[in-house]
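Read in numbering that gives the first Met the number 0, the sequence shown has 62 at position 63, and its numbers run on one by one without any break.
Glycine included, every Cβ here is placed at the ideal spot set by N, Cα and C.
Since we're looking at a predicted model, the values are computed, not measured.
Data block below; observations after.
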Amino acid sequence: MTDWTPHTARAKDWFEDLRNRICAEFEAIEREAGSQAAFEYVPWQREEEGNDNPGGGVRGVMKGKVFEKVGVNVSTVHGTFAPEFARTIHGAEENPAFTATGISLVAHMANPHVPAVHMNTRFLTTAKAWFGGGADLNPPLPRAEDTEEFHAALRAACAAHNPTYYERFSKWADDYFFIPHRGVHRGVGGIFYDHLECSAQDGEEGGEAAAWERHFAFTRDVGSAFLDVFPRIVRRRMDEPFTEADRQAQLEWRGRYAEFNLVYDRGTLFGLKTGGNIDAILMSLPPQAVWR
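In structure tokens, the structure reads:
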């Protein structure tokens, strides 16, 4: 069996570097708006009985003039799934040991014309090893220009690696980010992918290592595409005037966002089931929301 430890370390380093660049860009936007808001970073350590190296992470949160609340978390954890939960995880049916490293970002914006956004990429190992992640745009007041630009960036990232990726992963996002009890989508989509396994394709030289490099390169491009496109959208909209009706629409939309994350989101469930930091897991929830 392949020892994925060096690969997990490389993925962790990338996720931390991406976090640093994203946070620097978001703080730069705050400066442009005349705000001195900055990220506050809180490290946390996971605990698991009988585990001397359970891992942990760093939760980063900023509350500013443009970003009403944005969280950017990076974690790297090692442990054993509980038996019932292991049966729901890819490759963990027979051996519940796992490692997971990833970055997760959710931004709730002060101006209702600036879309909220979610981005996550991750590398997990059980008896199998795979990448997953994606990004999706969540505007309370959708604008076609923003939606098209966001999708175009992700489409280009996908096209550089596989001509089928964008069609497959954008549909996956549409199916996944859907609120069944409301009968509506959470936002205007993006891409979502999972179980990009590190197993060689027929005729591929290099075996698992080559497959890992291929999927890691794609995951890096997804993160880079997000960092390229979302700040442009923020700068385009952050100074637009808005009404109290716009703000109320935003708060009601945030209620639906919270419903999805608490009821259906896999990442929330994974964090809670593996002893993650509660504040980091629930940083995706908006600072204010209403239900009518």
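Alpha-carbon to alpha-carbon, glutamate 15 and glycine 189
Taking the sequence shown and counting its residues from 1, the one referred to as residue 189 is at position 190. Taking the sequence shown and counting its residues from 1, the one referred to as residue 15 is at position 16. Going by the C-alpha atoms only, they are around 23 Å apart.
Can you give me the C-alpha to C-alpha distance between glutamate 243 and isoleucine 178, rounded to a whole angstrom?
To locate residue 243, count along the sequence shown from 1; it is residue 244. To locate residue 178, count along the sequence shown from 1; it is residue 179. Roughly 26 Å between the two C-alpha positions.
Please return the same chain residues whose Cβ sits closer than 7 Å to the Cβ of glutamate 239, not counting the five positions on each side in sequence.
Counting from one through the sequence shown, the residue named residue 239 turns up at place 240. The answer, listed in chain order, is Asn110, His112.
Within the same chain, show all residues whose beta-carbon is closer than 7 Å to that of phenylalanine 84, passing over the 5 residues directly before and after it, in chain order.
One-based indexing of the sequence shown puts residue 84 at position 85. These residues qualify, in order along the chain: Lys272.
Contact between the stretch 167-178 and the stretch 243-260 is defined here as three or more beta-carbon pairs at a separation below 8 Å; is this criterion met?
yes
Arginine 185 (DSSP reduced to helix, strand or coil)
As a first step, residue 185 is located in the sequence shown; it is residue number 186 there, counting from the start. Coil, per DSSP.
Could you check which residue in Phe38, Arg167, Cys197 has the C-alpha nearest to that of methionine 61?
As a working mapping, residue 61 is identified with position 62 in the sequence shown. Looking at the Cα atoms, Phe38 is the closest of the given residues.
Would valine 69 and alanine 106 be called neighbours here (beta carbons separated by less than 9 Å)?
Taking the sequence shown and counting its residues from 1, the one referred to as residue 69 is at position 70. Taking the sequence shown and counting its residues from 1, the one referred to as residue 106 is at position 107. Contact flag set, yes.
Length of the line joining the Cα atoms of arginine 246 and threonine 4:
Indexing the sequence shown from 1 puts residue 246 at position 247. Indexing the sequence shown from 1 puts residue 4 at position 5. Their backbone Cα atoms lie some 47 Å apart in a straight line.
Report all residues from its chain with a CB closer than 6 Å to the CB of phenylalanine 217; omit the five preceding and five following residues, and keep chain order.
Counted from its first residue, the sequence shown places residue 217 at position 218. Cβ within range, chain order: His160.
What did DSSP end up calling histidine 214 once you bin it into helix, strand or coil?
Position 215 of the sequence shown holds residue 214. The answer is helix: DSSP assigns histidine 214 an H, G or I state.
Backbone CA spacing between leucine 136 and glutamate 251 [nearest angstrom]:
Looking up residue 136 in the sequence shown gives position 137. Looking up residue 251 in the sequence shown gives position 252. Each residue's Cα considered, the two are about 17 Å apart.
Beta-carbon spacing of aspartate 220, alanine 156 below 9 Å
As a working note, residue 220 is residue 221 in the sequence shown. As a working note, residue 156 is residue 157 in the sequence shown. Yes, these two residues count as a Cβ contact at 9 Å.
Contact between the stretch 112-126 and the stretch 77-92: three or more CB pairs below 8 Å?
yes
Taking all protein chains shown into account, do 16 or more other C-beta atoms lie within 10 angstroms of the C-beta of tryptophan 13, making it buried, or fewer, making it exposed?
Residue mapping note: residue 13 aligns to position 14 of the sequence shown, counting from 1. Classification for tryptophan 13: buried.
Nearest-angstrom Cα separation, counted from glycine 63 out to glutamine 287:
What you label residue 287 is simply residue 288 of the sequence shown in a count that begins at 1. What you label residue 63 is simply residue 64 of the sequence shown in a count that begins at 1. Straight-line Cα distance between these residues: approximately 14 Å.
I'd like to check one pair, alanine 10 with phenylalanine 122: are the Cβ atoms closer than 9 Å?
Position 123 of the sequence shown, counted from the start, is the residue given in the question as residue 122. Position 11 of the sequence shown, counted from the start, is the residue given in the question as residue 10. Closer than 9 Å, so yes.
C-alpha gap between alanine 143 and alanine 248, whole angstroms
Residue mapping note: residue 143 aligns to position 144 of the sequence shown, counting from 1. Residue mapping note: residue 248 aligns to position 249 of the sequence shown, counting from 1. Going from the Cα of alanine 143 to the Cα of alanine 248 covers about 18 Å.
Who are the near neighbours of threonine 100 in its chain, counting only those whose CB is closer than 6 Å to its CB and skipping five residues on each side?
Here residue 100 refers to the residue found at position 101 when the sequence shown is read from its first residue. Correct list, in chain order: Thr7, Ala10, Lys11, Thr75, Phe122.
Name the two residues that bound the continuous beta strand (DSSP E) containing proline 42.
By one-based count along the sequence shown, residue 42 stands at place 43. Element bounds for proline 42: 39-44.
By a C-beta neighbour count over all protein chains shown, 10 Å radius and 16 as the cutoff for buried, is glutamate 67 buried or exposed?
Here residue 67 corresponds to residue number 68 of the sequence shown, with the count starting at 1. That one is buried.
For glutamate 29, the nearest candidate out of Met108, His184, Glu147 (CA to CA)
Along the sequence shown, read from residue 1 onward, the residue named residue 29 stands at position 30. The option with the nearest alpha carbon to glutamate 29 is Met108.
Could you spell out the range, first to last residue, of the alpha helix (DSSP H) harbouring tryptophan 171?
On the sequence shown, position 172 is the one that residue 171 refers to. First-last of the alpha helix (DSSP H) with tryptophan 171: 164-175.
Can you have a look at proline 285 and say buried or exposed, based on whether 16 or more other CB atoms are within 10 angstroms of its CB?
On the sequence shown, position 286 is the one that residue 285 refers to. Buried, by the Cβ-count rule.
Ranges of the beta strand (DSSP E) found wholly within the stretch 77-114, counting only runs of at least 3
96-108
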